[in-house]
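Residue numbers (the working numbering): 352 to 854. Positions of the beta carbon are idealized from the N, C-alpha and C atoms, including for glycine. Fair warning: this is a prediction, and the values are worked out from it, not measured in the lab. Since the structure comes first, as structure tokens, the remarks are kept for the end.
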Ligand code: HEM
């Protein structure tokens, strides 16, 4: 019976979609869309191109259809940008028009339909949230307030690894320990709080819920309900899980972090050092934002700051293991500039040109957010003479801009020297539209100011204190990639041997 019902539902749905598509075709004005494969009714190009539109697959389509191409994914329009000039038009010249975010049904749940900052449309709410978050999170003052904490976290990783007998022999998955470090780095900034160990029960709950949030949002499993809205009833179970994870996660943030900080702050004398959430709660007291917005800010930092930076650290380590000559050149730079055994600190970073180049090269070849966070135009727009329908999902293939052999010398090679030689002028802040690991313009990553010093301190200290090697019997670590809706991670967390140096 159930079977018959769902079959007749499917047929009805199919007919309704065909009818709706035909009516909209008849009514709709003729648009001059960017080139792309010819869509079929209902599904558009979805069945041709599949779900996994990762940065590499999108390069293949760009080679076929050009630097600006269009895909119809069910009822949704997707536009992909693959040249620096077009990236400039979208992110800079027409930055307001294309400055909204594309939220699918799952992101709608996790952000309360855009009550956060990262996934909200371009407008009053975004401006207010970004302004309120800037002083507590995104200034050099925040770096100066927190950098000793980050240095302590890195040195505690070094100390613990030195004590682990496996590290120097069969190797360890150091990512696990670095994940604790990244949580501590960001929870110090947010709440003035840290976790003692990887097994801290509260950290375990937090990591689980953040992990579920990542898995559920980055999965391709729910695309059908997003692309073809009438199929949404079949996603009910998936969306219910999302709703449940979202509620448990926000409740955890509230109970164990925000409310606790409120109590601490009320007991502290005025004038004592504030952490980020104190500023955010002040904005709430002034009536600028509400209690939900506060929780969504915590949610945004949990997803935007911790794993992204961790992916880049992991990639950097893997590349250094696979390029021992680059690793020892980096170590020599630190020994020479700082002196052997003198631990790198944040104020040293500007003196370490090769370290900076290693970080830039990691972010170029292994760009953690290779398609940026999807942009969107709220209204009909034009781009390079083509019509872009309102609410199109706009992907800028930033990875390809930075890895296109027509624009970079041997881009497939991990060669930090390029940033000291032919690309010496290129910075990570978007001063060259071929290199946008943090985006550029209104929706660019404000966290760059924190991410770069954290990367420098962490990679620097690891290389100063250890020789990083592949595990016994292996000449390299595996650097296969895995992409999500817009992430680029290492597929297998590397096991690496970390031999303490005699210094
Ligand atoms: C290596 C680490 C990181 C990388 C590669 C990275 C990359 C990015 C990228 C590509 C975007 C989207 C830009 C666009 O759509 O045009 C973004 C947005 C954002 N990032 Fe980061 N990020 C990193 C670390 C951080 C950190 C540490 C924080 C916070 C402390 C942060 C906070 C944000 C926020 C709030 C946004 C949204 C901005 C907006 O929509 O207005 N990120 N990031």
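Got a sec? Which residues, its chain only, sit under 7 Å from residue i by beta carbon, not counting five neighbours each side?
i, result
"residue 564", "461, 596, 600, 654"
"residue 569", "835, 836, 838"
"residue 605", "646"
"residue 530", "661"
"residue 491", "800"
"residue 533", "657, 660, 661"
Any heavy atom of ligand 1 within a distance shorter than 7 Å of the CB on residue i?
i, result
"residue 789", "yes"
"residue 476", "no"
"residue 488", "yes"
"residue 796", "yes"
"residue 735", "no"
"residue 438", "no"
"residue 668", "no"
"residue 728", "no"
"residue 663", "yes"
"residue 833", "no"
"residue 745", "no"
"residue 469", "yes"
"residue 708", "no"
"residue 651", "yes"
"residue 634", "no"
"residue 719", "yes"
"residue 481", "yes"
"residue 724", "yes"
With a threshold of 6 Å on Cβ separation, who are the neighbours of residue i within its own chain once the five nearest residues in sequence on each side are excluded?
i, result
"residue 356", "Any reading at residue 356 must be qualified, since the residue scores a pLDDT of 48, below 50, and its modelled position is unreliable; no value is offered."
"residue 453", "725, 727, 744"
"residue 404", "none"
"residue 794", "450"
"residue 762", "754, 756"
"residue 448", "728, 732"
"residue 427", "578"
"residue 477", "471"
Provide the residue span of the beta strand (DSSP E) that contains residue i, from first to last.
i, result
"residue 909", "This structure leaves residue 909 out entirely; the chain is present only between 352 and 854."
"residue 696", "Here residue 696 belongs to no beta strand (DSSP E), and DSSP marks it neither H nor E."
"residue 520", "Segment: none, residue 520 is in no beta strand (DSSP E) and carries neither H nor E."
For a test of the three-state rule: what should DSSP assign to residue i, helix, strand or coil?
i, result
"residue 428", "strand"
"residue 448", "coil"
"residue 352", "Confidence at residue 352 is low in this model, with a pLDDT of 41, below 50, so its placement is unreliable and no value can be given for it."
"residue 585", "helix"
"residue 490", "coil"
"residue 712", "helix"
"residue 873", "A question about residue 873 goes unanswered here, because the residues of the chain that appear run from 352 up to 854."
"residue 400", "helix"
"residue 476", "helix"
"residue 758", "coil"
"residue 546", "coil"
"residue 732", "strand"
"residue 835", "coil"
"residue 681", "helix"
"residue 727", "strand"
"residue 860", "Nothing about residue 860 can be read from this structure; the chain reaches only from 352 to 854."
"residue 785", "coil"
"residue 824", "coil"
"residue 793", "coil"
I need the boundaries of the alpha helix (DSSP H) containing residue i, first residue and last residue.
i, result
"residue 849", "No alpha helix (DSSP H) holds residue 849; the beta strand (DSSP E) holding it covers 848 to 851."
"residue 817", "From DSSP, residue 817 is part of no alpha helix (DSSP H) but of the beta strand (DSSP E) over 817 to 820."
"residue 627", "627 to 636"
"residue 660", "659 to 673"
"residue 457", "456 to 461"
"residue 568", "552 to 569"
"residue 407", "406 to 416"
"residue 655", "Segment: none, residue 655 is in no alpha helix (DSSP H) and carries neither H nor E."
"residue 575", "574 to 578"
"residue 389", "Element bounds for residue 389: n/a, residue is neither H nor E."
Going by other Cβ atoms of all chains shown within 10 Å of its Cβ, with 16 needed for buried, is residue i buried or exposed?
i, result
"residue 464", "exposed"
"residue 790", "buried"
"residue 536", "buried"
"residue 525", "buried"
"residue 678", "buried"
"residue 853", "exposed"
"residue 353", "Interpretation of residue 353 is limited by its pLDDT of 48, a score under 50 that renders its predicted location unreliable; the figure taken from the coordinates is listed afterwards. Result: exposed."
"residue 843", "exposed"
"residue 684", "buried"
"residue 614", "exposed"
"residue 674", "buried"
Could you name the residues of the same chain whose beta carbon sits closer than 8 Å to that of residue i, not counting the 5 residues immediately before and after it, in chain order?
i, result
"residue 760", "769, 773"
"residue 546", "531, 534, 535, 538, 553, 554"
When every heavy atom of ligand 3 is checked, does at least one fall within less than 7 Å of the C-beta of residue i?
i, result
"residue 646", "Only ligand 1 can be found as ligands here, which leaves ligand 3 out of the picture."
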